[in-house]
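Peer 1:
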Amino acid sequence: MNTSMFYGRKRSQAVDTGLVLPCDNSEDELDASDEENEEDRLVNEGDIDEESDHESDQGAEQRHEEEEEEPPFIKAKDLTWRAVTKTIPPVPQWKASFPLPLEVKAPVDYFRQLTQEATEIMVTQTNLYASQCDINKPFNVTSKEMEQFIGIAQYMGIFSFPTTRLYWSTAARVDCIANTMSVNRWETIKRYLHFNNNEEQVPAGHPGYDRLFKLRPLLTALKSSFNTVPMQEMLCVDEQIVPFKGKSGIKQYNPKKTKRWGYKIFVLADCHGIVHNFKVYTGTITQAEGMPDIGASGNIVLQLCAVIPKNQSFKLFFDNWFCGIDLQVQLEKMKIHSVGTVRPSRLPNCTFSDDKIMKTKGRGAFEEKVTKHDGVSLRAVKWHDNRSVHLLSTFAAAHPTTKVKRWDKKTQQMVEVERPNIVSIYNKSMGGVDLLDSMVALYRTKVRSKKWYHRLFFHMMDMAMVQAWLLYRRDSTSSGVDQTAQLSLLAFKSEVASCLCKTDSFCSKRGRPSLSVQAGLDLKRRRGPTAPVPPAPVRLDRIDHWSVYSENRGRCKYPGCNGIIKVKCMKCDVFLCHTPDRNCFFSFHTK
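Per UniProt numbering, the very first residue in the sequence shown carries number 1; after that it's consecutive.
1) Name the two residues that bound the continuous alpha helix (DSSP H) containing ILE241.
2) For LYS264 and TYR253, which I take to be in contact (beta-carbon distance under 8 Å), what is that distance rounded to the nearest angstrom?
3) I need the boundaries of the beta strand (DSSP E) containing ASP270, first residue and last residue.
4) Need the endpoints of the beta strand (DSSP E) that ARG338 sits in, please.
5) Rounded to a whole number of angstroms, what is the C-alpha to C-alpha distance between GLU187 and GLN232?
6) Per DSSP, what kind of secondary structure is HIS454 in: helix, strand or coil?
7) Which same chain residues end up closer than 7 Å to LYS77 when comparing Cβ atoms and leaving out the 5 residues on each side of it in sequence?
8) By a C-beta neighbour count over all protein chains shown, 10 Å radius and 16 as the cutoff for buried, is residue 595 buried or exposed?
9) Return the chain-ordered ranges of every alpha helix (DSSP H) run that is complete within the stretch 162 to 204 and spans a minimum of 4 residues.
10) Tell me whether SER393 is buried or exposed, calling it buried when 16 or more other Cβ atoms sit within 10 Å of its Cβ.
11) Got a sec? Which residues, its chain only, sit under 7 Å from SER248 by beta carbon, not counting five neighbours each side?
12) So what does DSSP say about ALA153, is it helix, strand or coil?
13) Could you pull out every residue in the same chain whose Cβ sits closer than 6 Å to the Cβ of ARG63, ignoring the five residues on either side in sequence?
14) Can you tell me where the alpha helix (DSSP H) with VAL370 in it begins and where it stops?
15) Just mark GLY262 as buried or exposed, buried being the case when its beta carbon has 16 or more other beta carbons within 10 Å.
16) Of the choices VAL574, GLY554, ASP541, whose alpha-carbon is the least far from that of PRO532?
17) Using DSSP with H/G/I as helix, E/B as strand and the rest coil, what is ASN421?
18) Going by alpha carbons, who is nearest to SER182 out of ARG165, ASP408, TYR192?
19) Taking C-alpha atoms, which residue in HIS589, PRO559, MET461 lies nearest to ALA221?
20) Considering only their Cβ atoms, is the gap separating VAL339 from THR425 smaller than 8 Å?
21) Would you identify the three-state DSSP class for GLU36, choosing helix, strand or coil?
22) Is there contact here, the stretch 463 to 471 with the stretch 305 to 315, by at least three beta-carbon pairs under 8 Å?
23) Would PRO203 be called buried (16 or more neighbouring beta carbons within 10 Å of its own) or exposed?
24) Counting pairs of Cβ atoms below 8 Å between the stretch 572 to 590 and the stretch 544 to 561, do you hit three or more?
25) Between which two residues does the beta strand (DSSP E) carrying LEU392 extend?
26) Assign GLU367 to buried or exposed, taking buried as 16 or more other Cβ atoms, counted over all protein chains shown, within 10 Å of its Cβ.
27) What residues are listed by DSSP as bridge partners for HIS384?
28) Below 8 Å on the Cβ atoms is my guess for VAL417 versus ASP374; work out the distance and round it to an integer in Å.
29) Would a C-beta distance cut-off of 8 Å place MET122 and MET146 closer than the cut-off?
30) Out of LEU114, PHE161, VAL538, which has the shortest C-alpha to C-alpha gap to LYS446?
31) For PHE318 versus VAL301, is the C-beta distance shorter than 8 Å?
32) Name the two residues that bound the continuous alpha helix (DSSP H) containing ASN299.
33) Give me the DSSP bridge partner(s) of TYR549.
34) How close, in whole Å, do the beta carbons of LEU487 and PRO107 come, if the pair is a contact with beta carbons under 8 Å?
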């Protein structure tokens, strides 16, 4: 991971509009190269953020004191720090438990579990919006068609053609898309795609105005499904950027990022990238309900952490844009223990050795100090690697230390550097949101649209797909399935898209497929090249499976049958016996 993401970068003078968040000094990892980069800046479109770290923190503190003379909590100032050496505090024991899965479900079931409520909202609101546009032109989309629409969009993320009409064109036709739905029908659904009733929208400038009104039901439904996912002990908070260059009042600009324009989303996830909560940034961050106002960067963490069970000793990690004494104190009162990189200006009265002195001590030098604020013990550590970095925690300490290898430019060889324990814990547990971003970007849905909320909708579907895959991998690993036998993200996404395009979401459940049929099909795959078999949800949905005659003969696909026949299933595209003596066609689609 890049050093500049951890150590922080200098910032310059800014015009404060009241809507722009402080510049995000995103720091994710401590092990890095010798490169130095300027800090990424994230501002609203047309704004310029050039304020230094120290001036920004002082200015925000002065504005807060002017607005509120009597703060509702004890503000962190006039603290007394003392140096400590070789002290190892006890690590709080995680009191929650992680339920083991009963079985590994079909890939499409994981995705539907996360998006079923959202799909129903889309069907209702899309039909309502179509009738509001023109009551004389009836338009009705069903749940099955909406799933097919989503499945086609997921296929588009895999193939990534420059325009959507190419998927139906003669020269570049993609059968799995073109055979599912006509291009006119797909574009009509996209045109009327809606998530909320426009007639209920509060005008701008009035109380209750919501800049995300058009997406609010969709976001609420997805957030509700993400909230129900069982949590692991190690969690992290970070931001992600959704690339977008269209017209939108909530679009952000970051000139140092590869994708400079886009929407900003704050995410609570575990160290593997599984999302538990998120919040789309709209220009302002309000105070968390029932919590003191500790500033924008702290308030958003408290809002996201509302879904974390209290008094269970969960561990939370964040970078130096979020981290502060007031935030960690509030989290500790809820028994949520935290670690974060921190800006020196947010450690009042904490004086470490100067960077020049630390440099003379050599790489691996560190100092540790402790204090107590509002009944909560805090530890600050300054560690010098390529540059100096500060960390703050309510449970982790510098000891016991470990040795890591670094490249020394002077001697042109690898050397061992002492690394504090707090750094090791941070590196191991921070970065889940970045991992999620990288997986979403692999097969991002690329559908052009003039409507600003379409970009966020397709991103949410991509994020739900990655979430479903991560849950599938977690259940498979817990059930003892070898990692080599688990589906990759590409294979998982392809199978889910295929099921969404071919199966009826309203078909009745018939339990798990017979082991004899499924095991036989898997055995045939291992024996060598063979005709592809559709996923079990498609094979067993009992919809549009018609027997047709083929000009060529083929071997029966049913396990244990070696018959060579001309009858095949039109939907599954496999040969199956359908004779008075043997009805493999029926058995294949029911067992």
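Even for Gly, the Cβ is constructed at its ideal location relative to N, Cα and C.
Peer 2: The short version:
1) Counting along the chain, ILE241 falls outside any alpha helix (DSSP H), though it belongs to the beta strand (DSSP E) covering 234 to 243.
2) About 10 Å separates the beta carbons of LYS264 and TYR253, which is beyond the 8 Å limit, so they are not a contact pair.
3) Residues 261 to 270.
4) Checking the sequence shown, residue 338 turns out to be Ser, not Arg. Per DSSP, SER338 belongs to the beta strand (DSSP E) from 336 to 341.
5) If I take the Cα positions, the gap works out to 41 Å.
6) Look at HIS454 here: in three-state DSSP terms it is helix.
7) Answer for LYS77: PRO348, listed in chain order.
8) As shown, the chain starts at 1 and ends at 591. That puts residue 595 outside it, with no answer to give.
9) The stretch 162 to 204 contains these whole alpha helix (DSSP H) runs: 175 to 178, 183 to 192.
10) The residue is buried, with at least 16 neighbouring Cβ atoms inside 10 Å.
11) When the five nearest sequence neighbours on each side are left out, the beta carbons in the same chain lying within less than 7 Å of the beta carbon of SER248 are those of TRP452, in order along the chain.
12) Of the three classes helix, strand and coil, the one that applies to ALA153 here is helix, per DSSP.
13) Low per-residue confidence applies at ARG63: pLDDT is 37, beneath 50, and the placement is therefore not dependable, though the value from the model is reported in the following sentence. Answer for ARG63: no residue qualifies.
14) It is not in any alpha helix (DSSP H) - VAL370 instead sits in the beta strand (DSSP E) that spans 366 to 373.
15) Label assigned to GLY262: buried.
16) Taking PRO532 as reference, the option from VAL574, GLY554, ASP541 with the minimal CA-CA separation is VAL574.
17) The three-state secondary structure of ASN421, taken from DSSP, is helix.
18) That would be ARG165, whose Cα lies nearest to the Cα of SER182.
19) Across the set HIS589, PRO559, MET461, the C-alpha of MET461 shows the shortest separation from the C-alpha of ALA221.
20) The question names Thr, but residue 425 in the sequence shown is Ile. Yes, they are a contact pair.
21) Here GLU36 scores only 36 on pLDDT, less than 50, and its place in the model should not be relied on; the value that follows carries that caveat. Here GLU36 sits in coil by DSSP.
22) Using a Cβ-Cβ distance cut-off of 8 Å, the stretch 463 to 471 and the stretch 305 to 315 are not in contact, since fewer than three pairs of beta carbons, one from each stretch, lie closer than that value.
23) Exposed: under 16 other Cβ atoms inside 10 Å.
24) With three or more CB-CB distances shorter than 8 Å, the stretch 572 to 590 counts as touching the stretch 544 to 561.
25) Residue range 388 to 393 is occupied by the beta strand (DSSP E) that includes LEU392.
26) Label assigned to GLU367: buried.
27) When beta bridges are read from the DSSP output, HIS384 appears opposite SER388.
28) Not a contact, Cβ separation roughly 35 Å.
29) Contact flag set, yes.
30) Closest option to LYS446, judged by alpha-carbon separation, among LEU114, PHE161, VAL538: PHE161.
31) Between PHE318 and VAL301, the CB-CB gap stays under 8 Å.
32) 296 to 304 is the extent of the alpha helix (DSSP H) around ASN299.
33) VAL567.
34) With a contact defined as Cβ atoms closer than 8 Å, LEU487 and PRO107 qualify at about 7 Å.
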